[in-house]
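Here the working numbering runs 164 ahead of the position in the sequence shown, where the first position is 1.
Yeah, the Cβ is synthetic: ideal placement off N, Cα and C, and Gly gets one too.
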Amino acid sequence: MNKIKSFKILIKKIISVLNRLDMILPPEAKEPDWTSIAFRWQAIGHSGVLHSLPRPHTFPLTRLAAIDKQMAQLVRNTEQFLLGRPANNVLLTGARGTGKSSLIKALLHEYAERGLRLIEVDKHDLTTLPALLLILESRPEKFIVFCDDLSFEDGEEGYKALKTALDGSLSCRADNVLVYATSNRRHLMPEYMDDNVGRGGEIHAREAVEEKVSLSDRFGLWLSFYAFDQNEYLAAAENWLRDFGLTWDETARQAALQWAQTRGSRSGRTAYQFACDWAGRNEVERV
């Protein structure tokens, strides 16, 4: 009887160990669904899994307003990439809600048929970015690794992993992969007033500052986004409202202005949120 009891205890311990190993070890190697146009990379251990996204959130570039200059530069860089010509990694920075992420997502709508693919990578999964690049380098498609709302605190591991992947590895950069990142911070790291005089009494203060700007420097193209004025906000609201199949008239215009006033913000994101609310209410009225 004691032997049976001991055996059951042993089995429970083995199962407990196996469950913990499942959380650490990567799953069995499985070929991603390469028919998809959008993916999400999830780090597991020292590697990861590429999950396909069957319904990616994308839309035509014409839906976006007030960012024509930034759009033209990003489209030019992306087309160079698709043609097999030299192209740059891109950092999109600036005011919140001004279309940084939307612009990247819209590229998928425009260029998926020409082989463009989008892979979303959270900053916490960046430590395994080299493993992802190994998977992608032999593929015929062109991949944009999309890092949204990127910023790092001092000491985060993903910071140095991304630096190396961009332009710091001994191996050549994959010709079919670019990194497009968005951030509200130009240098992606927090900066302090005492950086100018040597934080914590650091002797070589300038070297500490250089370390902070070294990541953003590895993006060859910087695109800056600014807060919308009233006309730009209204143009964005009109675009999104027409996307819902509704008419843009004086009533909708006044409602859009009131919406922005209550939110205390004029941006592409605010315009989209207004359009969702206005379209939803008008759908109810038509029913």
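For ARG240, no beta strand (DSSP E) encloses it; the enclosing alpha helix (DSSP H) starts and ends at 232–246. Counting along the chain, ALA207 sits inside the beta strand (DSSP E) bounded by residues 202–208. Counting every other CB atom within 10 Å of its CB across the protein chains shown gives LEU174 a total below 16, marking it as exposed. Note on geometry: alpha-carbon atoms of LEU314 and LYS167 lie some 56 Å from one another. With 16 or more other Cβ atoms from the protein chains shown falling within 10 Å of its own Cβ, GLN234 counts as buried.
Shown here, SER388 sits in a strand according to DSSP, grouped into three states. According to DSSP, residue pairing for HIS215 in a beta bridge involves ARG204. Considering only ILE178, LEU387, LEU225, GLY444, the residue with the shortest C-alpha distance to TYR275 is LEU225. Inside the segment 238–320, DSSP marks whole alpha helix (DSSP H) runs of 4 or more residues at positions 264–275, 293–300, from first to last along the chain.
Shortest Cα-Cα distance from LYS264 to any of ASN403, TYR323, GLN206, CYS311 involves CYS311. SER211 sits away from SER200, with the two beta carbons spaced by 7 Å or more.
By alpha-carbon distance to ALA251, the top candidate from LEU300, ILE283, VAL341 is VAL341.
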